[in-house]
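Q: What the sequence shown shows, in our numbering, is residues 149 to 416, in sequence order. All C-beta atoms in this analysis are idealised placements derived from N, C-alpha and C, irrespective of residue type, glycine included. Predicted model only: the values in this text are computed from it and were never measured.
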Amino acid sequence: MAVKTGSAGGRVPFIAGNWKMNLDHLQSIAFVQKLAWSLKDARFDFSEVEVAVFPPFTDLRSVQTLIAADKLQLKYGAQDLSTHDSGAYTGEISGAFLKALDCEYVIIGHSERRTLHNETDGVVAAKVAAALKHGLVPVICVGETADDLAEHGPSAVPVAQLTAALAGVAQGANVVVAYEPVWAIGSGQAATPEQAEQVAVALRAVVSSALGDEAGAATRILYGGSVNSSNIAGFLRQPNVDGALVGGASLDVAEFSSISRFKSHVGI
Ligand code: PEP
């Protein structure tokens, strides 16, 4: 089975690095520089694979300045945003502020936000609306726990979460979906490519039904959970898996660069 070849095949594969609460602004500058050099050395074609980093809020201005000054083709986004535009919400970050930093993406509903910060499906839906309102592309994370998997199988919970997240979103909206089984995040135990494909098919059907068939066909569905340079190609071989949301392995420049160059792993 062929690995997707990029824009000619429709959806451009997307490799996204979620740094979580790691790397301060100085470290992020060094990281982005090294990543750009590594990909340049490998003659990486950004028109065939999109690569984005998601640093902590405090790094975003530095990353923006570096990418703009050096005309790098790397993208970036934030790890969260507020449901509110502005006002008395101490500690919150508005989507308007992220847009002002030229963020293209924002991660919403990561399982760590859902569990550690009690983000409900309703909060996730409000954040998706806030992102779209401010011209940001939401990377909507969904995924089942090990208990959910045993009780309901792999698709039921992610499908319910995505259905809730897209309620009220306009037809044709530009979103990215990340299927991240909670049991696979940071555990070293990734889902199989076949499991990821099965859920991606179900999630694509949700997007089609909520946002229309055209959006369903165009929306990128990522897999996340213990992705590394050894297993990435297996996921990208799946027809409905369009990229990866990478946590731990995105903190190592060589490893993240290798994941981004997944096409070379299969010699195409
Ligand atoms: C994540 O945090 O979104 C993630 C997928 O982490 P890891 O790659 O470390 O499993």
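In the DSSP assignment, find the unbroken beta strand (DSSP E) run with K223 in it and report its ends.
A: Walking along the sequence shown from the start, residue 223 turns up at place 75. Element bounds for K223: 223–226.
Q: Should the segment 275–289 be regarded as contacting the segment 234–241, the criterion being three or more beta carbon pairs within less than 8 Å?
A: Contact fails: fewer than three Cβ-Cβ distances are below 8 Å.
Q: Quick check for students: name the residue ranges of the alpha helix (DSSP H) that lie wholly in the segment 190–274, counting only runs of 4 or more.
A: The segment 190–274 contains these whole alpha helix (DSSP H) runs: 208–217, 243–248, 259–264.
Q: When the distance is taken between beta carbons, is G382 closer than 7 Å to E328?
A: By one-based count along the sequence shown, residue 328 stands at place 180. By one-based count along the sequence shown, residue 382 stands at place 234. Taking 7 Å as the Cβ cut-off, E328 and G382 do not qualify as a contacting pair.
Q: Return the residue from the list L351, Q337, Q309, H282 that minimises the CA-CA distance to S420.
A: Outside the shown range of the chain, which is 149 to 416, sits residue 420, and nothing can be said about it.
Q: Would you kindly report the start and end of the unbroken beta strand (DSSP E) that includes R368?
A: As a first step, residue 368 is located in the sequence shown; it is residue number 220 there, counting from the start. Its beta strand (DSSP E) spans residues 368–372.
Q: Round the Cβ separation of N166 and V394 to the nearest angstrom and send it over; I've been treating them as touching at under 8 Å.
A: Here residue 166 refers to the residue found at position 18 when the sequence shown is read from its first residue. Here residue 394 refers to the residue found at position 246 when the sequence shown is read from its first residue. Confirmed, about 7 Å.
Q: Starting from I288, follow the beta strand (DSSP E) in both directions and report where the run begins and ends.
A: Here residue 288 refers to the residue found at position 140 when the sequence shown is read from its first residue. It spans 285–290 - the beta strand (DSSP E) in which I288 sits, taken as one unbroken run.
Q: To the nearest whole angstrom, what separates the beta carbons of F202 and R409, a pair I think is in contact under 8 Å?
A: The residue you call residue 202 lines up with position 54 of the sequence shown. The residue you call residue 409 lines up with position 261 of the sequence shown. The pair is not a contact, with the Cβ atoms about 19 Å apart (cut-off 8 Å).
Q: Would a C-beta distance cut-off of 7 Å place D250 and Q212 closer than the cut-off?
A: As a position in the sequence shown, residue 250 is number 102, starting the count at 1. As a position in the sequence shown, residue 212 is number 64, starting the count at 1. A contact, by the Cβ cut-off of 7 Å.
Q: Please look up how many angstroms separate the CB atoms of I177 and S210, rounded, as I've assumed it's under 8 Å.
A: Position 29 of the sequence shown holds residue 177. Position 62 of the sequence shown holds residue 210. 5 Å between Cβ atoms; contact.
Q: Considering G382, what are the terminal residues of the beta strand (DSSP E) in which it resides?
A: Here residue 382 refers to the residue found at position 234 of the sequence shown. Unbroken run through G382 is the alpha helix (DSSP H), 380–384; no beta strand (DSSP E).
Q: Going along the chain, which residues of its own chain have a beta-carbon closer than 6 Å to the beta-carbon of L208, five neighbours each way excluded?
A: Taking the first residue of the sequence shown as 1, we reach residue 208 at position 60. The residues are L249.
Q: Out of N379, I255, L399, D228, which one is the CA nearest neighbour of A428?
A: Nothing can be reported for residue 428: it is not among the residues displayed for the chain, which extend from 149 to 416.
Q: Would you list the residues sitting across from G158 in a DSSP beta bridge?
A: Residue mapping note: residue 158 aligns to position 10 of the sequence shown, counting from 1. In DSSP, G158 forms no bridge with anything.
Q: Shortest alpha-carbon distance to T367 belongs to which of A358, N376, R352?
A: As a first step, residue 367 is located in the sequence shown; it is residue number 219 there, counting from the start. Checked all of A358, N376, R352; the closest Cα to T367 is R352.
Q: Take the Cβ of Y253 as the centre, count every other Cβ of all protein chains shown within 10 Å, and call the residue buried at 16 or more, exposed below.
A: Here residue 253 is taken as the residue at index 105 of the sequence shown, counted from 1. Buried is the call here.
Q: If you draw a straight line from the alpha carbon of I255 to that of Q227, how long is it in whole angstroms?
A: Looking up residue 255 in the sequence shown gives position 107. Looking up residue 227 in the sequence shown gives position 79. Their Cα atoms are separated by approximately 5 Å.
Q: Could you check if G320 belongs to the surroundings of ligand 1, using beta carbon to heavy atom distance under 6 Å?
A: Taking the first residue of the sequence shown as position 1, residue 320 is located at position 172. G320 Cβ: outside cutoff for every heavy atom of ligand 1.
Q: Please state whether the Cβ-Cβ distance between G391 and L370 is less than 7 Å.
A: Here residue 391 refers to the residue found at position 243 when the sequence shown is read from its first residue. Here residue 370 refers to the residue found at position 222 when the sequence shown is read from its first residue. Closer than 7 Å, so yes.
Q: Ends of the alpha helix (DSSP H) at L399?
A: The residue you call residue 399 lines up with position 251 of the sequence shown. Taken as a continuous stretch (DSSP letters only), L399 belongs to no alpha helix (DSSP H), as it is neither H nor E.
Q: Ignore the nearest five residues each way along the sequence and tell me which others in S377's own chain have a CB closer than 6 Å to its CB.
A: To locate residue 377, count along the sequence shown from 1; it is residue 229. So the list reads E403, S406, I407, once near-sequence residues are dropped.
Q: Assuming contact is defined by CB atoms lying nearer than 7 Å, are A363 and G320 in contact in what I supplied?
A: By one-based count along the sequence shown, residue 363 stands at place 215. By one-based count along the sequence shown, residue 320 stands at place 172. Yes; because the gap between Cβ atoms is below 7 Å, this pair is in contact.
Q: Just checking I369 against ligand 1 - is the residue's beta carbon closer than 6 Å to any of the ligand's heavy atoms?
A: In the sequence shown, the residue the question calls residue 369 occupies position 221. False, no ligand heavy atom lies under 6 Å from that Cβ.
Q: Straight-line CA distance for A365 to D296?
A: On the sequence shown, position 217 is the one that residue 365 refers to. On the sequence shown, position 148 is the one that residue 296 refers to. Approximately 28 Å, taken between the alpha carbons.
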